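**Q** In terms of our numbering, the sequence shown has 169 at position 169, counting the first letter as 1, and numbering is strictly consecutive. Ideal Cβ positions, reconstructed from N, Cα and C, are used throughout, including at glycine. Computed from a prediction, not measured in an experiment: that's the story for all the values here.
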Amino acid sequence: MQLTEKVHLIGSGEIGLSNRYDCHVYLVDGGDDAVIIDSGVGIEPERLKQNVEKVMDWNKVSRIICTHSHADHGGGSQFFQQEGKEVWLSDVENEWMQNNRDEVELALELAINAGGYPQGYQFKYFQPDFLMKEEEAVKCGSLTLQPIHVKGHSPGMFCFYMEAKDKNVLFSGDTVFVNGEIGLLNAPGSSLHDFREDMGKLADLKTDALFPGHRLFVLSNGQDHVQMGIDQMSKVFTPRTF
1 MQLTEKVHLI
11 GSGEIGLSNR
21 YDCHVYLVDG
31 GDDAVIIDSG
41 VGIEPERLKQ
51 NVEKVMDWNK
61 VSRIICTHSH
71 ADHGGGSQFF
81 QQEGKEVWLS
91 DVENEWMQNN
101 RDEVELALEL
111 AINAGGYPQG
121 YQFKYFQPDF
131 LMKEEEAVKC
141 GSLTLQPIHV
151 KGHSPGMFCF
161 YMEAKDKNVL
171 FSGDTVFVNG
181 EIGLLNAPGS
191 SLHDFREDMG
201 KLADLKTDAL
211 FPGHRLFVLS
221 NGQDHVQMGI
231 DQMSKVFTPR
241 TF
């Protein structure tokens, strides 16, 4: 499903584009290179590959760039590595995933209890091929994705801001959603304090299209929705969550 000149939606459990437990999975076409944003839950991952092949040669895809390591965003990473694709993750998120597995497993258990994953689901831990840092831009052919580290949903959550000729895009992962809702969880690794500390990093962008990890997305006035989320951080009331 083409969303902008450079971005396709190739996975989404919510609209039946791929496995029901997948987050939104995006394909960025940089001309002579392409990257996928997030790897899905790892159930029926071949459907994501099939959706890519409907719009381009599979060999053009070089990397999977994970916004964070939660199972619906990183659980398919091993499949893509077996397909010869690199998987990139933030250095902070990788440290949390590898060294705090008790917390990772508790967060997974809570998500299963909420129906976010099927009973008996097991997360496939993966070793990233490259660890991203906030100050290092990600090149994709003619395009540049700027990582923005926004803690709150997960310790090493990266949003990615991309300026293009037709629309400026913010891939916001599970940080901020349409109408300013945020991805605060009752789970280890998620912190309202961290949201207050980092949400301001998303201010003053020129976001047209807001592409979050779940729910609706918008193709214009995306920065207005981001600002709603930022504004929640300056109020005493509990923020609206997704």
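Inspect the beta-carbon positions of Ala34 and Val7 and report whether they are closer than 7 Å.
**A** Sequence index remark: in the sequence shown, residue 34 carries index 34 (1-based). Sequence index remark: in the sequence shown, residue 7 carries index 7 (1-based). Not in contact: Ala34 and Val7 (Cβ atoms no closer than 7 Å).
**Q** Please report the residue range of the alpha helix (DSSP H) in which Phe195 lies.
**A** For the purposes of this step, residue 195 is taken as the residue at position 195 of the sequence shown. It spans 192-198 - the alpha helix (DSSP H) in which Phe195 sits, taken as one unbroken run.
**Q** Would a C-beta distance cut-off of 7 Å place Lys151 and Asp208 closer than the cut-off?
**A** Along the sequence shown, read from residue 1 onward, the residue named residue 151 stands at position 151. Along the sequence shown, read from residue 1 onward, the residue named residue 208 stands at position 208. No, the Cβ-Cβ distance between Lys151 and Asp208 is not below 7 Å.
**Q** Under a Cβ-count criterion, where at least 16 other Cβ atoms within 10 Å of its own Cβ denotes burial, should Ile148 be classed as buried or exposed?
**A** One-based indexing of the sequence shown puts residue 148 at position 148. Buried, since its Cβ has 16 or more Cβ neighbours within 10 Å.
**Q** Just to confirm my understanding: we take Arg196, look at its own chain, exclude 5 residues before and 5 after, and list those with CB closer than 6 Å. What are they?
**A** On the sequence shown, residue 196 is found 196 positions in, with the first residue counted as 1. The residues are Met233.
**Q** What three-state label does DSSP hand Leu143 in the structure shown?
**A** Along the sequence shown, read from residue 1 onward, the residue named residue 143 stands at position 143. Here Leu143 sits in strand by DSSP.
**Q** Which same chain residues, not among the five before or five after Ala137, have their C-beta less than 8 Å away from its C-beta?
**A** As a first step, residue 137 is located in the sequence shown; it is residue number 137 there, counting from the start. Thr144, Leu145, Gln146, Pro147, listed in sequence order.
**Q** Compare the C-alpha of Phe126 against each of Pro155, Phe158, Met157, Gln82 and name the closest.
**A** Taking the sequence shown and counting its residues from 1, one reaches residue 126 at position 126. With distances taken between Cα atoms, Phe126 lies closest to Gln82.
**Q** If I'm right that Ile37 touches Thr4 with Cβ under 8 Å, what's the distance once you round it to whole angstroms?
**A** Walking along the sequence shown from the start, residue 37 turns up at place 37. Walking along the sequence shown from the start, residue 4 turns up at place 4. With 8 Å as the limit, Ile37 and Thr4 do not qualify as a contact, their Cβ atoms being about 13 Å apart.
**Q** In the DSSP output, what is Tyr26 paired with across the bridge?
**A** Position 26 of the sequence shown, counting from 1, holds the residue named residue 26. Bridge partners of Tyr26: Leu9, Ile37.
**Q** How long is the line joining the alpha carbons of Pro128 and Asn94, rounded to whole angstroms?
**A** As a working note, residue 128 is residue 128 in the sequence shown. As a working note, residue 94 is residue 94 in the sequence shown. Distance between the alpha carbons of Pro128 and Asn94 is about 8 Å.
**Q** Could you tell me which residues DSSP pairs with Met162 in its beta bridges?
**A** Locating residue 162 in the sequence shown gives position 162, where the first residue counts as 1. According to DSSP, Met162 bridges with Leu145, Val169.
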